[in-house]
Every structure is written in structure tokens, then in C-alpha cells.
Amino acid sequence: ECIERGLTYCVPLKARLKLYCTDPEHEDFETIVQDVYLGTIPYMTHSGTFVINGAERVVVSQLHRSPGVFFGQSFHANGTKLYSARVIPFKGSWIEFATDINQVMYAYIDRKKKLPVTTLFRAIGYERDKDILEIFDLAEEIKVSKSGLKKYIGRKLAARVLKTWFEDFVDEDTGEVVSIERNEIVLDRDTILEKDQIEEIIESGTKTILLHKEDNEMADYAIIHNTLQKDPTNSEKEAVEHIYRQLRNAEPPDFETAKGIIDKLFFSEQRYNLGEVGRYRMNKKLGLDVSVDAKVLTKEDIITIIKNLIKLVNSKAEVDDIDHLSNRRVRTVGEQLASQFGVGLSRMARTIRERMNVRDNEVFTPIDLINAKTLSSVINSFFGTNQLSQFMDQTNPLAEITHKRRLSALGPGGLSRERAGFEVRDVHFTHYGRLCPIETPEGPNIGLISSLAVFAKVNNLGFIETPYRKVTNGQVNIADEPSYLSAEEEEGMKFAQSNLPLDNDGNFVNEKVIVREEADYPVVDPKVVNYMDVAPNQIASISASLIPFLEHDDANRALMGSNMMRQAVPLISPEAPIVGTGLERRVAKDSRILINAEGLGTVEYVDADHIKIKYDKTDEERMVSFDSDSKTYNLIKFRKTNQGTSINLKPIVKKGDRVVEGQVLCEGYATQNGELALGRNMKVAFMPWKGYNFEDAIVISEKVVKEDIFTSIHIDEYSLEVRDTKLGAEELTNDIPNVSEEATKDLDENGMIRIGAEVKPGDILIGKITPKGESDPTPEEKLLRAIFGDKAGDVKDASLKASPSLRGVVIDKKLFERAVKDKSKRAKDKISITNLEHKYSAKLEELRTILTEKLFTLISGKTSQGVMNDLGEEILQKGKKFTLKMLNAVPDFAYLTRGVWTTDDHINALVNELIHNYKIKVNDLQGSLRREKFTVSVGDELPAGILKLAKIYIAKKRKLKVGDKMAGRHGNKGIVARIVRAEDMPFLEDGTPVDIVLNPLGVPSRMNIGQIYETVLGWAGQKLGKTFATPIFDGAKISEINQLIEDAGIPKHGHTYLYDGGTGERFDQPATVGVIYMIKLGHMIDDKMHARSIGPYSLITQQPLGGKAQFGGQRFGEMEVWALEAYGASSTLREILTVKSDDVLGRAKTYEAIVKGDDMPEPGLPESFNVLMHELRGLGLDVRLEE
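Written out as C-alpha cells, the structure reads:
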């Protein structure tokens, strides 16, 4: 209904909010609980789409960098390797630790503010040099004494020797005496201890000093000592203030504020969140066991990251591979919506705070504080404008299901096309069984948009998993459920191919097996194999798995093949392929376009529009359901899809048939008998035909056109708005000034063309008149007009006319209008709304009665276990026996939480299901009531300023034409170049003419030999009346095909002599003949053919517009001008650049000259020259033309 009426399919969101005061002083503040309406949320349909303003949209999942820590490297201009560790949170500031060319380690906060790592350490509580050195165990502590220090002369100091003292001074404002800590450096780090310095150390009053350890390991940590040298601070206070200055570019007001800012950045749950995934990845990477609930950074995290980074610098660890799928995760629809919802809620919180501050003393309720618009506007803008919310590709069922399984690396928070390099786009070994290596678009998005592989699924952390069979000690556990592994769990495992020979017990037959281990293929003993693939097509996506003999095609052509199957137009009478891959039925079922039976039952009634089935239900199922046993399915009839193709379903069951669960009840929309059927099987010959199939062109038999083999139905929607203009309202009418009666004969009183009318170019589809602005009429004219009511003069024709290429039949029309408001209408509305409310409250009452009866049947005689509502109030007291009176007294069943009703678990489950079904029914009723009230009071929802909206739907039957694009499933595409009479086509020895002639030169250089296999096997199948499933990478062997050819009695490899249809003579060479599956693509000549004589011009340059949609001209560009110059065709050139383009006066004069038959005038100045002059003047140059 939403699709038909152009609305959004959504659910209202209500929340029970409680406004209460936490301050104990205000005990008089009463707590208010209210149901608050928070706006509407688009609701996903059962086929995974959203209906937004009548159009089906899909939210594509995004593949982005997983939160966590990443170790990377880069090269400095002078060739030094620089290492870095980045912590990417779910939300909050990024922090990066990196080394520079002087072997000093810095921390970067949010990619801009740079400070030495040791400063950060001091700020988070490791105040003295000693504390920092102790973290890494870098120094030994020596007690200060004259004799004690003599032993260590010649050793290096690891930490500064500081002299600290306190200075007292009087605060000018308060007059208090404040003591301030001061320090002075006595000896710097890395000083070699000498005899005369011992005195200084003792004088400074230092108790202990730190010396470098004499240890080989310590060389690794030189970077820490270097960093300490660079560190400008000596205490926590200094460090904290230094960081505050860096971040805020201002002096800190006091120590507390400065300390707070660091805590807020990384240690506050409000501002910083690693997320469950981030914490999981962090623990995995750093080998920590921090609890999963710790969503903020810990000191331990930072220290471990720095230790790892030091390992990296010393080549004792590896950098991360950013394209490894364990470092990329999927953000599904739900997660993207949830983050938008969070944005909306935080905006709402802001408005609530503001409103509370404004209304300080008034009494306010939750409803007063909350503005529902904030939330729904965020959600709507997400669906309307976000890059990942896309108009669904609905050309055929395969296109739909592929679009929903697509993964994009683009979008907010992802990559951009320009910045993405080759590495990101490349196939990675972790894509095995997760992302399809074949199906990706050609062009700038290649590799950034990919498809989920057939068996892949996304786990709850957002990583893609793929199934394997467990192998223990060389034996495959075939009976067990397959285990799903993520890319991370796969590391270091060995995987055998799925079609390796096994014996009956599941042991490998071969002594050595080839396995896959990360990016390598070693040959190993079966005993060390860990897992085995589940199927050969595990690595490919749905589209690629539908190409038979894919293993014989070049990958680039397979890519084109899988992309073109998505553009196949649904035909009037499609046919499932003779040579398929066995996946066709599954694709048709999972696209959820067809209607499947929901259980065992009998067909009660069938016609073209409905199927009614009576299901066999158990008593319990009847008990918890509010519906009857029979269910009626409405078949979709000629519904326009997003791409203008049509969905038209036909029943394939008869009255009285028994159906089982999952059985397909109808066909149509590129399916036949429940199987995907994108095209037709065609008798093909690979041979040249009079040069007409040069360069991939296709020669086709007239029989194909006559028998409607490739005919499809396309539906176009044309709409016209009726607006309220300054001069008065426009109106729809069939009485249009200066138009013959012949032209308006098919229009009804609203000016809309009748259903069933044939439309030709130029016909009026919707008649509309607009008030025409004219000079104010004189009083005399006004008088005459008032007497004779002559209004014809002041309106002009603004009708919608059929465009030059439009031919078809009107199949539907719709008129949406607002309800007109006047006194009598309002009074009537009031009555009808009251009636509606009575009608629906009676229905709700009846529903409630049924519910209480059913509930009582279930729980009579049982004792209540205490049933609560959603506020935690006990509604049905614990320990009381249930009575009908008790049940009738429940205020509202919809608010009961799924509580424990009785001690019997089975009955509890039934009760919960019953109440759940009741809630669904109540919501349905409330929704219908809301819609009906809306229709009465407001009419149809239309944008502001629009009074009416008229829509006309026109169906066009498109036969195959010269210029249409066709393709096979192997990337073998071409354009129909000639349609030949059947008697002129080459024919076989028995006189059968072929349907289609393809050029043999299209095969060898393209290396898609799969089409030849398919052709030969298809012919055998047609002769034997069989269909074949040859799954990819596990297809028919050449020996099996040869056997079938023999059985069918056709020539080997399909090589046979053909005869010329024109002369009847035999051709010299045998050609490959067979049956190939061809599809018609959505690029049809009718949509592209275009010509212009006169038409619209661009406003500023006065040049013709471009493109078919604007009825534009062809661009005569730079190179074309050169061509005319080269021929010296000066007059033609002058004409093209002036009167045929933007010489405004010249255009008018030329037209006049042609009409009067005079000579051509001299061309004038092109308008673009004037534009150039104005632009130069805009730059402040005074340009003048000399006469």
C-alpha cells in the first residue's frame, strides 16, 4: 500500500518516559510518567528493503576498519623506517604513537597534537623518571652515599638528579601563604658519573639515583632514553599543563581542569568507547585479558602498545596487514541505523536541557520537553541522503538479492574513491569464502564494492565467517555441522579442497594432499590437515555461482558475465536454462518475490489475482492465533519496479492441490516453475554471416521477434502536480483552450487519460490549465467578463504530453488530493471520525474479549506467579488463583512484560505467544484507524504548495529490435545488428534454421571457453529432454559431455556443416552449433534513440542542452572542429558555431529566412563570446570591442 501511495512504510515509536527529581531537597516534586510519541522509524519489509516515499531502498552494509590497535610502518624521505601504532576507537579521539628519524617516540592525539610519550606517561600517573624507567625495567637504583657511589664511577645516569625545594609566597588576592614546589636540574640524564659530581649529588639531598643497566637487551630500549631527553617536563603537574597547552592552545586555569581534559579524552565512558569489537581486537592483539566490558583505554593498554612498538622498531615483531579481513568489519543496516539513532537522541537531549532551562519554574511534563521532529529528521536524512542508502536495483530477482548482499568500502567513515589505492581493491587471501573475487563493478569502484560469498555470514562482532568441515587426524567429520571461522581464527590452519576424494569413512584417499595455508598452497600429509572446504562454489558470490563452466572462463569475462546477469530484463515468457548450476531454484526462493506455502494445506481457490489456502493447524496453534485457518495471498499484477521493469505473477497451483511448506505457488518476474529464468535457450551457430556479426554484433532470426521470445513489458510512470500559483490555482480538466476535440477524446473530467487508451507520441496524458498573467483588464473588460463569464483568454495549456519515443497502453491512473476544508466538511468529518473511533473501539473490545477467553482457557485453575507491567508494578498478584474477573481487570495487556505466569513452562510460552500475537493485532488495528482518520481529515499527504498530484502508468511491450543489447552468461555481450527472415538464416542438415548467429572470433581472444561447453551440452540436453546442473569448479567433465553427445546422437563437439539459407549451398567449413542461454539486457535502443531539430537552450550560454532527458543536441566539440578545419569547410564551421548554436539573433533571422525563402543572413556574435566578455569584466578588466 505504501509503495502504491508513495508513502514511507514505518512504525510509530512511543516510549514511556518518567520525569523525576534526584535532588532530596525537592521532595514535593511529583514524578510524571507519560507515553511520549518519538516520531516514526522506517520499518524493514520481510524482504530486507525499506519503503521510503513509495520507493524501495536498500541500506548497503559497509566494510570499514575495525576499532582496535594497528601497527604500521612508513618511510621517511631519507629512507628511515618509521613505525606507528594507532588506536582507533568506536567513538572518541584517535591516539597514535609513532617514532621519528631521531628515534624519539611521540604520541599524536587526533592526528594533530604531538607530544613525547614520556609526557603522556607523567600525565597518567608515572610522575618521575624512576617510574617511567621501572615500567620497562631499564635502570638499577643506587642508594646515595659517598662510599657507595665510588664503585659506580664511569656508569651513565639513567635519570636526572633534581634538587627540589619549596618557596613560600603570599597570594595577592586572598593573602594566604602558598608554598610552591620548585626544582632545578643538578645532573642531566646520560651524564657519565665522575668523582667530583658525587659531592653535588649528596648536596642536592637526593636519596637514590638511577643508573643504566649493563645489559644487551637494554639497547632495544634506547628509544625511551632518547624520548626522556626530549621530554620538556619533570613532574605530573608540568606534564598535564603541557598537554593542556598543546590541545587547547591556552594556559590551563588550574591543575584539576587540565587533568580532567586527559581523563575525558581517553578514560571517560561518555566520550571514549572502544566498543566490544575494539576491546576484543585489542586483547587479541596485545595478549591482554582485560574484561570485555572495559570500553575505555587502560594504563596497561598504553604500556603494552608501546612495548609492542619498541619490538617493532627492533624488528622483533611484524606490522599489521590492513587489508586482512580480521582488521576490517561489516557495519550492517542495524548498526548504521543505531548510530544515527544515537545522534538523534543526543540532539534531543540537548533540546530537552534547553527547554528545562527556559521553563525554570513552570510545571512541565515529558511531552512538553520532547520534540519528536529531531529524531525523525535525523533518521529521514539518513535514508534520503546517505551514500549507503540506495535506490534498490530491482531489474530482476538476482539484482535484488545481490544488492542486499553487497558490501561497500565507501560511505561515511569509509574510504573515498580517489584515496583508495591498489592494495585496498586487491583480492586478499582472507577473502576466500568470504568476499567474491569475481563480482565487483568495472570502473572507478572496482574492488571497493564487493559481494558476500554464497555461504558467508556476518558474526555478532561484524567479522565475516565462512563454514568448514573439521578434520581430525586425516578424517573428515561429515556428519557434524560445519564450523564457521573468521579470518582471524583461520590463521595458521591448513584447509583441504572440498572435492578431494574421500573413502566411506571420510578419510582422504590420497597419500599427500594439496592444502591452502594463508596465501600459500603446500602439499602435506593428510594427518596435519585442520579443516576442509564445504563446497567448490564457497569462494564465489551468488551471481558468479550461476555461471555454468565458470572454471573455463577468464576471470575478467566472468566478472562481466556476473554483472550483466543483474541487468537481464524479465521476459513475458522466460525459460529456465537447460544448462544451469543447480542454484537457480534457491535464488528464486530466497529473493522472497515469489509466494511460498507456509505449511501443509490445501488450495481452496485460485484465480489470476488470488490464491487461497487452508492450512492444517494443531489445536495449540489455533489457540494462540487470532486468524482463521485459511489464508489468502494477493498476487502482484503488473507492478512497476524501480527500474521500470514489471512484476506480474501467475499461479501454478490448481484448486484442490495439496501443498507442502516452502512450495512455490506462482511464477513470473524472471522465474519459471520456481527457478530463476533470466532469458531463453536459443539455437546458436558460431560463424560469420555476411559481415553483420563483425565486432561482437549479433544476427538474429525473425522467428525470435514473431514468437515474442525476447519480448518484455516495461512500465513508465508520468506525474503532474497541480500547484497554487500567485495568479490563482491551476486545475485539471479536459476542456483545454485551442485543442481539438479529437485530442481530448480519451480524457476524463479530471483531464486524465482513460485506462486502456493507446498512447502515441504527442498525445495528451493529463490535461491541465494554468492561469496566465496578463495586463490588468480595463473596467469595461471586467464588466463584459462578469456578464459573459468569458474566461478562455486568461488560461494557458500546461498539459503533460507523450514524449517522441513513447508508445504504449495506459494501465493505471491515480489522483491524490488534499481534503478541502470548509465548515460543513469539518462538521461531517467530526461525525465520521467519531464513527470510525466507535467502530475500531468495538473491534478492539471484541479482540480483548477473545484474548481473555483464550487466556482463561490456558491458565484457569493455575496460580499466578506475579505478572508485572513495564514499570515494574505488579498487575496480577503472586499466589492468587487466576479468575476471569482478574483478567478482565487488567488495564492493558499490551504493557505486560513477558513475565512468568504459571509454574508450567509450556503454558508460559503459549501465553507469551498469545499476548505477542494480540499486540500485533492491536497495532494493526490502531494503524488502520490512524490511516483512516488521516484520510478523512487531511486527505492524501502532499508536499507544501501542491494541491493535487496525478499519476499515469503506461505499459510498453518491447519486442527485440536492432540496437538492443544481448548477452550470454560468460561476458559475451553484443548488439543486435540485423534481424533476418528465418528462411535466410543458416540451417542444419535436417532443415532447422538457427535462431542466432554469433561471431566465432569473440571466443579465442576473450578466453571464455565456458560458452562453448554450454553450447554443446545445451544441444545434448535439448535432444535428450534433460536439464543439467553443473556447479562451478565441480562441473561436467569433457568425458561426461562426450558421452551425452553420443547418447543424443549429435556431432562431436557440436561441429556440423551448415547450409546457406539464401542459396541452399553447404558452407565450406563445419561450425560449432548448439543451444546457448541468452539474456536481453536493460540497455534498449528505445531508451537511447534520440534526435533534435529545435529544443531548449541553456540560460546563460544560450547553447542547446545535452542529453536525451533534456531533449538536447549533440555536442560539436574541440576535435570535431579540428576535423572541419582540416577540410577547410569554413562556411559549415561558421554555421555550426553560430546560428546552429548560440547566436541568438542569427537563429531568429535564419528561421525567418527559411520560412520566407530568402538567402541566409550573415551570422552575428555568439552568446558565449558575450559570456567571456562579462567574465573578464568580472575580473576587473575593462575590455572594449573596436567597431
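Our numbering puts the first residue of the sequence shown at 4, with every later residue one more than the last. We treat Cβ as the ideally placed atom computed from N, Cα and C, and that holds for glycine.
Bridge partners - S411, DSSP secondary structure assignment | Its beta-bridge partners are Q65 and I452.
Give every residue of the same chain whose Cβ lies closer than 7 Å to the Cβ of A845, excluding the five residues on either side of it in the sequence, and list them in chain order.
-> Within the same chain, A845 has no close Cβ partners at all.
Use the C-beta contact count for P782: other C-beta atoms within 10 angstroms, 16 or more gives buried, fewer gives exposed.
-> It counts as exposed.
Could you please give the first and the last residue of the uninterrupted alpha helix (DSSP H) stretch that includes D319?
-> Contrary to the premise, residue 319 reads as Lys rather than Asp in this sequence. Counting along the chain, K319 falls outside any alpha helix (DSSP H), and DSSP gives it neither H nor E.
Have a look at D429 and N448 and give me their C-alpha separation to the nearest angstrom.
-> Each residue's Cα considered, the two are about 12 Å apart.
Out of D1145, A459 and A805, state which residue places its alpha-carbon closest to the alpha-carbon of V813.
-> Nearest in C-alpha terms to V813, of all of D1145, A459 and A805, is A805.
For G1109, which of A1094, E1121, N741 and E1123 has the nearest alpha-carbon?
-> Looking at A1094, E1121, N741 and E1123, the one whose alpha-carbon comes closest to that of G1109 is A1094.
Could you name each continuous alpha helix (DSSP H) segment of 4 residues or more that falls completely within the segment 607-656, going from the start of the chain to the end?
-> Entirely contained in the segment 607-656, the alpha helix (DSSP H) runs reaching 4 residues are, in chain order, 622-627.
Answer with yes or no whether the minimum CB distance from D1161 to chain D is below 7 Å.
-> The structure shown contains no chain D, having only a single protein chain.
Apart from the five residues on each side of it in sequence, which residues of its chain come closer than 8 Å, Cβ to Cβ, to A490?
-> Its chain contains H327, L328, S329, T433, R437, F466 and I467 as the residues whose beta carbon lies nearer than 8 Å to that of A490, once the 5 sequence neighbours on both sides are disregarded; these appear in chain order.
Closest residue to E992 among P1073, L1001 and I1035 (Cα-Cα distance) | It is P1073.
Local conformation of K831 per DSSP, three classes | If DSSP states are grouped into helix, strand and coil, K831 belongs with the helices.
Bounding residues of the alpha helix (DSSP H) (the contiguous stretch that carries S1133) | Element bounds for S1133: S1133 to L1140.
Are the beta-carbon atoms belonging to G1194 and V687 less than 7 Å from one another?
-> With the chain running from 4 to 1190 in the structure shown, residue 1194 is simply not present.
For L735 versus L768, is the C-beta distance shorter than 7 Å?
-> The Cβ-Cβ distance between L735 and L768 does not fall below 7 Å.
Ignoring anything shorter than 3 residues or poking outside the segment 749-810, list the beta strand (DSSP E) runs there in chain order.
-> If only complete runs of 3 or more residues are kept, the segment 749-810 shows the beta strand (DSSP E) at 767-769, 771-774 and 798-800, in order along the chain.
Under the three-state DSSP convention, the category G994 falls into = In the structure shown, G994 sits in coil (DSSP, three-state: anything other than H, G, I, E or B).
For D727, the nearest candidate out of T211, D719 and T773 (CA to CA) | In terms of CA proximity to D727, T773 leads the group T211, D719 and T773.
Residue range of the alpha helix (DSSP H) that A1129 falls in?
-> It spans E1121 to Y1130 - the alpha helix (DSSP H) in which A1129 sits, taken as one unbroken run.
Cβ contact check for the segment 1086-1093 and the segment 1025-1041: 3 or more pairs under 8 Å | Touching, no, given that fewer than three Cβ pairs across the two stretches are closer than 8 Å.
Looking only at its own chain, which residues have a Cβ that is under 7 Å from the Cβ of L945, when we skip the five neighbours before and after it?
-> Sequence-distant Cβ neighbours of L945 in its own chain, meaning closer than 7 Å and more than five residues away, are F819, R821 and L952.
Within the segment 131-186, ranges of the beta strand (DSSP E) (whole runs, at least 3 residues) = Those beta strand (DSSP E) runs which fall completely within the segment 131-186 and span 3+ residues are 142-146 and 164-173.
Does the Cβ-Cβ distance between N399 and A673 come in under 7 Å?
-> Yes, these two residues count as a Cβ contact at 7 Å.
So what's E745 in DSSP terms, helix, strand or just coil?
-> Note: E745 maps to helix in three-state DSSP.
Exposed unless 16 or more other CB atoms sit within 10 angstroms - verdict on N14 | Note that residue 14 is Val in the sequence shown, not Asn. With fewer than 16 Cβ atoms within 10 Å of its Cβ, V14 is classed as exposed.
Residues bridged to T469 [DSSP beta-bridge criterion] | Paired residues: L488.
Cα-Cα, which of P485, N645, I790 and V72 is closest to F53?
-> Nearest option by C-alpha distance: N645.
Of the residues K643, R642 and N637, which one's Cα is nearest the Cα of P654?
-> Nearest of K643, R642 and N637 to P654, Cα basis: N637.
If we ignore side chains and look at the alpha-carbon of each, how far apart do D304 and F93 end up?
-> Rounded to the nearest angstrom, the two C-alpha atoms are 16 Å apart.
Label V1186 either buried or exposed according to how many other C-beta atoms from any shown protein chain fall within 10 Å of its C-beta, with 16 as the threshold for buried.
-> Classification for V1186: exposed.
Would you tell me roughly how many angstroms separate the C-alpha atoms of L928 and T906, rounded to the nearest one?
-> If I take the Cα positions, the gap works out to 33 Å.
Would you call the segment 1064-1079 and the segment 1132-1146 touching, i.e. three or more CB-CB distances under 8 Å?
-> The answer is no - the segment 1132-1146 does not touch the segment 1064-1079, with fewer than three Cβ pairs under 8 Å.
What do you get for E33, buried or exposed, if any count of 16 or more other CB atoms within 10 angstroms of its CB means buried?
-> E33 counts as exposed, since fewer than 16 other C-beta atoms from the protein chains shown sit within 10 angstroms of its C-beta.
Cβ pair S342, R408 closer than 7 Å = Going by C-beta atoms, S342 is not nearer than 7 Å to R408.
Where Q76 and E272 are concerned, what is the direct C-alpha to C-alpha distance, given to the nearest angstrom?
-> Approximately 30 Å, taken between the alpha carbons.
Straight-line Cα distance separating S649 from G966 | Note on geometry: alpha-carbon atoms of G966 and S649 lie some 22 Å from one another.
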